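A.B. asks: If you read the sequence shown in this note's numbering, its first letter stands for residue 23, the second for the next number, and so on.
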Amino acid sequence: MGSRSRTISSKVARTPRNIKAALDLLWLGAACAGIVTLIVVLDLIEHTAGVIGRNGLIREDAVVAAAIVIPLAAAVYTARRHSESKAIRHQLARLSYQDALTGLPNRRYLTDLLRDVLADARRNSDQVAVLFIDLDRFKAVNDTYGHEVGDRLMTEVAGRLLASVGEAGHVARYGGDEFVAILTSVPDARATEAAARRIIRTLEAPFQIGEDHIRISAGVGVALAERNCTRPAEVLRDADLALYQAKRAGPGSQQIFDRTLRGRITPSTAEARLRRALDRGEFRLLYQPIVSPWTKHVVGVEAALCWEHPEHGVVAPDVFLPILEETGLIVPVGAWALEDAAAQCRTWQSELTDRSALNVCVDVSPRQLSQANFPDVVARALRLSSADPEQLCLEIGGCPPAPDPQSIWPVLRPCKGLGVSIALDGMGNNPHALACLRELPVDVMKLDAANVRALTASREAALITEHLTAMARDLDIVTIATGVESEEQVTLLKSMHCDLLQGPLLGAARPADQLADRIAGSPPDGWQPSASKIAAPAQRTMGLAPSPEPSR
């Protein structure tokens, strides 16, 4: 607490101008009050002490007494007013720079404090780290136990953070359930990682608030200030970006900032930036090959949405896709993606002699499937592009977060009527996928990448994959193994009679104009499959006739 108190007290000498102006007015008022007091005192002496003698002359002893008493009273009054003014000044400074609940420096003071710390670090060639801390489940504590308990918990958190960073560090309350810790003289990144882990462990220990034992956790984003950094806002922004990624990883996670995160976005600015990206045409589709393990030919592609930011370059899909879904922007963006993918599908159809040789899978989000007019969106994409509907495949992720798969059947039924195929993603790692498989008219089953990657190391993963492929063949459903990385995985999947493969080994997602050689039949870079004695089953691709509607 000592370090924090000293830094706040030192701020009094640099009180903002508006506060100084208020104090000047107070001082002027005090001076006026002093003059009035002197007049009153003189009048009192005149009537009680007899300054005017009976002969009408001024008495000398009264004058002497007045000359002594009046300055003395004025001096006492001035000293008292000065003391009160100084106390008010200190109080105003504390209210301006200190969080009222925790006693920590507040957000306003944090910027000035960090600026001073960075200046000291430049002079002493020290390294400074900023840790952005966000509490998990604090809102639930307020809702369950009440705000009084929440306030006490916040005070306890502040105490633990101060103890964790020690006298050499600083802790500020950024606002709400967010804190910022500043570490000085940091030797390297590993030291900041250790500090972040220490903070997380400290806050995970139960809090005793009255008779309640309360548990919370925290996410921590860490940014190391550059040696010549002079702008506190830049370091705070980097730590905030790192925190956002840590929160996406789950409770109790930490993330060290690196420059690639500057191309990512945070919820506070996401919606406006994404709307602008849609208006400016900054979204692009990349296409990842889907390959037959038997012929090595590309029989389809999966369209992946990416955002090419004009300043930051390509923004990671795992950052902006959840925000598109949450804000509802996935509806117009998804409609654009369908139209663009259908147009590209038509282009490939005109370039290939075999119209059934290439199919395009397009991801469809739960938010899109909740729109009653979604079949009209699909029909419009097909109409504008003149694409063959049998070459377009709508891919749904395992199962939308709906009460049951039947809730989206009224939306998928007209889509099936248009002639498009339906693919179910995440098989083998999604508890809802089997229900979707039973209830929905699925043509393609995509095996989860996590199971595929574990094929050679996990007997359970191999058994799950084998049973899924066997079930799919019995149901006349095409199987696509995703996430294929090695030749060993290819061999195992062929032995299980998996129809198609997709993954890094077979080609990364690329712009359409960079796939010409792959579509023409050239093998992917670095993939030279060894000869296999496994007999190829009857060849099946994604270009299936629509499966019959399930019985209702």
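We put the CB at the ideal spot given by N, CA and C, even for glycine. Here the structure is a predicted model, which is why all the values come from computation and not from measurement.
Would you kindly work out how many angstroms separate the C-alpha atoms of V150 and L140, rounded to a whole number?
C.D. replies: Pairing V150 with L140, the inter-Cα distance amounts to about 7 Å.
A.B. asks: Report the three-state DSSP secondary structure of P422 (helix, strand or coil).
C.D. replies: Residue placement at P422 is poorly supported in this model, since its pLDDT is 48, which falls under 50; the coordinates still yield a value, given next. If DSSP states are grouped into helix, strand and coil, P422 belongs with coil.
A.B. asks: Nearest by alpha-carbon distance to S407: which of L446, W358, V433, A445 is it?
C.D. replies: Nearest C-alpha to S407: W358.
A.B. asks: Within 10 angstroms of the Cβ of A185, are there 16 or more other Cβ atoms? Answer buried if so, exposed if not.
C.D. replies: exposed
A.B. asks: Specify whether the stretch 186-199 and the stretch 213-229 touch according to this definition: at least 3 beta carbon pairs, one from each stretch, less than 8 Å apart.
C.D. replies: yes
A.B. asks: For D158, which residues does DSSP report across the bridge?
C.D. replies: S239
A.B. asks: Does G419 pass the burial test, meaning 16 or more other C-beta atoms within 10 Å, or should it be called exposed?
C.D. replies: buried
A.B. asks: Using a Cβ-Cβ distance under 8 Å, would D340 count as near chain B?
C.D. replies: This model lacks chain B altogether, as it is built from one protein chain only.
A.B. asks: Between which residues of its own chain and L522 is the CB-CB distance below 8 Å, once the five residues before and five after are set aside?
C.D. replies: I312, V313, S314, P315, V321, G322, V500, T501, I502, A503, T563, M564
A.B. asks: What is the DSSP secondary structure of M518, counted as helix, strand or coil?
C.D. replies: coil
A.B. asks: If we ignore side chains and look at the alpha-carbon of each, how far apart do A403 and D362 end up?
C.D. replies: 8 Å
A.B. asks: Considering only C-alpha positions, which residue in the set V179, D148, R182, A261 is nearest to P209?
C.D. replies: Nearest neighbour of P209 by Cα position, chosen from V179, D148, R182, A261, turns out to be D148.
A.B. asks: Could you check the C-alpha separation between R389 and V353 for me, to the nearest Å?
C.D. replies: The alpha-carbon separation between R389 and V353 amounts to approximately 7 Å.
A.B. asks: Please give the ranges of any alpha helix (DSSP H) in the stretch 146-193, keeping only runs that are unbroken, at least 4 residues long and fully inside the region.
C.D. replies: 160-167, 169-187
A.B. asks: Going by alpha carbons, who is nearest to W431 out of E461, G448, L416?
C.D. replies: W431 has its Cα closest to that of E461, out of E461, G448, L416.
A.B. asks: Name the residue from V442, G441, D470 whose alpha carbon lies nearest to the alpha carbon of A455.
C.D. replies: Nearest Cα to A455 within the set V442, G441, D470: D470.
A.B. asks: State yes or no: is the C-beta of P526 within less than 8 Å of the C-beta of E507?
C.D. replies: yes
A.B. asks: Output the distance between the C-alpha atoms of A409 and G529, rounded to the nearest integer angstrom.
C.D. replies: 25 Å
A.B. asks: Could you check what DSSP says for G335 in three-state terms: helix, strand or coil?
C.D. replies: strand
A.B. asks: Looking only at C-alpha atoms, which of L132, T206, G439 sits nearest to R144?
C.D. replies: T206
A.B. asks: Just checking my contact of V163 with V152 at CB under 8 Å: how many whole Å lie between their CB atoms?
C.D. replies: Their Cβ separation, rounded to whole angstroms, is 26 Å, which puts V163 and V152 out of contact at 8 Å.
A.B. asks: Along the alpha helix (DSSP H) that carries L490, what are the first and last residues, could you check?
C.D. replies: 481-496
A.B. asks: If L497 sits next to T487, beta carbons under 8 Å apart, how far is it from one beta carbon to the other, in whole angstroms?
C.D. replies: About 16 Å; that fails the 8 Å criterion.
A.B. asks: Measure how close the beta-carbons of S443 and V466 come, nearest whole angstrom, since I'm counting them as under 8 Å.
C.D. replies: Rounded, the Cβ-Cβ distance is 6 Å, consistent with contact.
A.B. asks: Take R281 as the anchor and find which of Q230, R259, R295 has the nearest alpha-carbon.
C.D. replies: R259
A.B. asks: Which first and last residues belong to the beta strand (DSSP E) in which A457 is found?
C.D. replies: Looking at the DSSP string, A457 is not in any beta strand (DSSP E); the run it does join, the alpha helix (DSSP H), is 455-461.
A.B. asks: Quick check: the Cα distance between Y167 and K269, rounded to an integer number of angstroms?
C.D. replies: 24 Å
A.B. asks: Suppose contacts are defined by Cβ-Cβ distances below 8 Å. Is P215 in contact with I278 by that definition?
C.D. replies: According to the sequence shown, residue 215 is Glu rather than Pro. Contact flag set, yes.
A.B. asks: Just checking my contact of Q371 with Q413 at CB under 8 Å: how many whole Å lie between their CB atoms?
C.D. replies: 6 Å
A.B. asks: Please classify C415: does DSSP put it in a helix, a strand, or coil?
C.D. replies: strand
A.B. asks: Whose C-beta lies closer than 6 Å to the C-beta of A494 among residues of the same chain, with five residues either side of it excluded?
C.D. replies: M467, T501
A.B. asks: Quick one: is G197 buried, meaning 16 or more other Cβ sit within 10 Å of its Cβ, or exposed?
C.D. replies: exposed
A.B. asks: Would you kindly report the start and end of the unbroken beta strand (DSSP E) that includes D385?
C.D. replies: 381-386
A.B. asks: Ignore the nearest five residues each way along the sequence and tell me which others in H235's own chain have a CB closer than 8 Å to its CB.
C.D. replies: P228, F229
A.B. asks: Work out the CA separation of A255 and R137 for me, nearest whole Å.
C.D. replies: 9 Å
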